[in-house]
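*Asks:* Let me give you the structure first, and then I'll get to my questions.
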Amino acid sequence: MSTALIATPLPACPDITRAFAASWPVRLGDTDGQDRLRLDAVARYLQDIGFDHLDAVTDGDTHQAWIVRRTVIDVYEPIVFGDRVQLRRWADALSNRWCDMRIQLRGVRGGHIEAAAFLIHIDPSTGRPARMSDAFMAPMLATTTEHRLRWRAALTELDDTEVETAPFPLRVTDVDRLGHVNNAVYWEAVEEAIAAHPDRHELPYRAIVEHVGPVMIGDKVALRTALRPGDLRLQLDVDGSARALAAVQRLPGATG
1 MSTALIATPL
11 PACPDITRAF
21 AASWPVRLGD
31 TDGQDRLRLD
41 AVARYLQDIG
51 FDHLDAVTDG
61 DTHQAWIVRR
71 TVIDVYEPIV
81 FGDRVQLRRW
91 ADALSNRWCD
101 MRIQLRGVRG
111 GHIEAAAFLI
121 HIDPSTGRPA
131 RMSDAFMAPM
141 LATTTEHRLR
151 WRAALTELDD
161 TEVETAPFPL
171 RVTDVDRLGH
181 VNNAVYWEAV
191 EEAIAAHPDR
201 HELPYRAIVE
211 HVGPVMIGDK
221 VALRTALRPG
231 DLRLQLDVDG
241 SARALAAVQR
251 LPGATG
């Protein structure tokens, strides 16, 4: 894993007044038995504010199809049930077909999560990456200096000698309008792994999911988990082929 590809800490917004803002309460279905906002709920929050953001910008109605290639979630302090989460979203880097979006989540009671998502704009008729319009990109240029963003993977497939393997059955409710298993479902797999290895997500920690290929309803998915020093690695396989890679680790530089 090349952690150098992902900045630590994630980059701050150069002008927070230009970030899109939203807030909502943390409800029961988003939290675990310790009242912690789960990672799959965080992933849904990132999707929700993303679509709210589209409603607020020029040409948002013609930029409705996106694929998430990577999501990074840094948990500094858990956001909890009953709190109100305040979210801010802005572009950190872009090309004309994809972008890296930053999202900050803060609870009124003090919870703090930072996230980043590498998003590819898709032509819904062809399923291929499509150029964003100049008007759509205009507000993104105000918070970015990198305008030739390129994809580079941060995770590699598991090659560990000792790997735990378990089935990860899909449900019909896991599929979104594009016919793919929704991004938040992959984070449910991460939650399964950290529940089995709670020592691997001591605060503050970073969790990463990178998508290698699509998972479709009807696929027989296997969740593979490997323990490394200071690092929990995961892989979702279909028919022996990796479809998603994930890692949970202490944030570089964290002490305690």
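Numbered by my numbering, the letters in the sequence shown go through residues 1 to 256 in order. The beta-carbon is built from N, C-alpha and C at its ideal position, and this holds for glycine as well. Please read these numbers as outputs of a predicted model, since none were measured by experiment.
(1) Can you name the start and end residues of the beta strand (DSSP E) that M101 belongs to?
(2) Secondary structure at I67, three-state DSSP: helix, strand or coil?
(3) So what's P139 in DSSP terms, helix, strand or just coil?
(4) Which one or two residues does DSSP pair with T31 in a beta bridge?
(5) Check each candidate in I6, R109 and S241 and name the one with the smallest Cα separation from G82.
(6) On the DSSP bridge list, what partners appear for H121?
(7) Kindly indicate which residue of W151, S125, R177 and D159 has the alpha-carbon position closest to the one of I6.
(8) Any idea if L234 is buried or exposed, counting beta-carbon neighbours within 10 angstroms, 16 or more meaning buried?
(9) By DSSP, does W151 sit in helix, in strand, or in coil?
(10) How about D59 and A135: are their beta carbons less than 7 Å apart?
(11) So, using beta-carbon positions, are A247 and L155 closer together than 7 Å?
(12) Do V75 and I103 count as a contact pair if the criterion is CB distance below 7 Å?
(13) Give me the Cα-Cα distance between T255 and D35, rounded to the nearest whole angstrom.
(14) To the nearest angstrom, how far is it from the Cα of Q64 to the Cα of A91?
(15) Counting only the same chain and skipping the five closest in sequence on each side, list residues whose C-beta sits under 6 Å from that of Q86.
(16) How far does the beta strand (DSSP E) with I208 in it extend, from its first residue to its last?
(17) Assuming contact is defined by CB atoms lying nearer than 7 Å, are R84 and A21 in contact in what I supplied?
(18) Would the beta-carbon of Q249 fall within 7 Å of that of G218?
(19) By the DSSP assignment, the beta strand (DSSP E) with E202 in it spans what residues?
(20) I need the straight-line Cα distance from A262 to C99, nearest angstrom please.
(21) So, does the segment 166-177 touch the segment 126-140, judging by three or more C-beta pairs under 8 Å?
(22) Would you call R131 buried or exposed, if buried means 16 or more other Cβ atoms sit within 10 Å of its Cβ?
(23) Out of S241, A189, E202 and D55, which one is the CA nearest neighbour of P214?
*Replies:* In short:
(1) W98 to G107
(2) strand
(3) In the structure shown, P139 falls within a helical segment according to DSSP collapsed to helix, strand and coil.
(4) L37
(5) R109
(6) W66
(7) W151
(8) In summary, L234 is buried, with 16 or more beta-carbon neighbours lying within 10 Å of its beta-carbon over all protein chains present.
(9) In this structure, W151 counts as coil in the three-state DSSP scheme.
(10) yes
(11) Yes; because the gap between Cβ atoms is below 7 Å, this pair is in contact.
(12) no
(13) The predicted model places T255 with a pLDDT of 46, which falls under 50 and marks its position as unreliable, so this point remains unresolved.
(14) 16 Å
(15) S23 and R106
(16) Y205 to H211
(17) no
(18) no
(19) E202 -> no beta strand (DSSP E), and no H or E assigned at all.
(20) Residue 262 lies beyond the range of the chain shown here (1 to 256); nothing can be said about it.
(21) Between the segment 166-177 and the segment 126-140 there are fewer than three C-beta pairs closer than 8 Å, too few to call the two in contact.
(22) exposed
(23) S241
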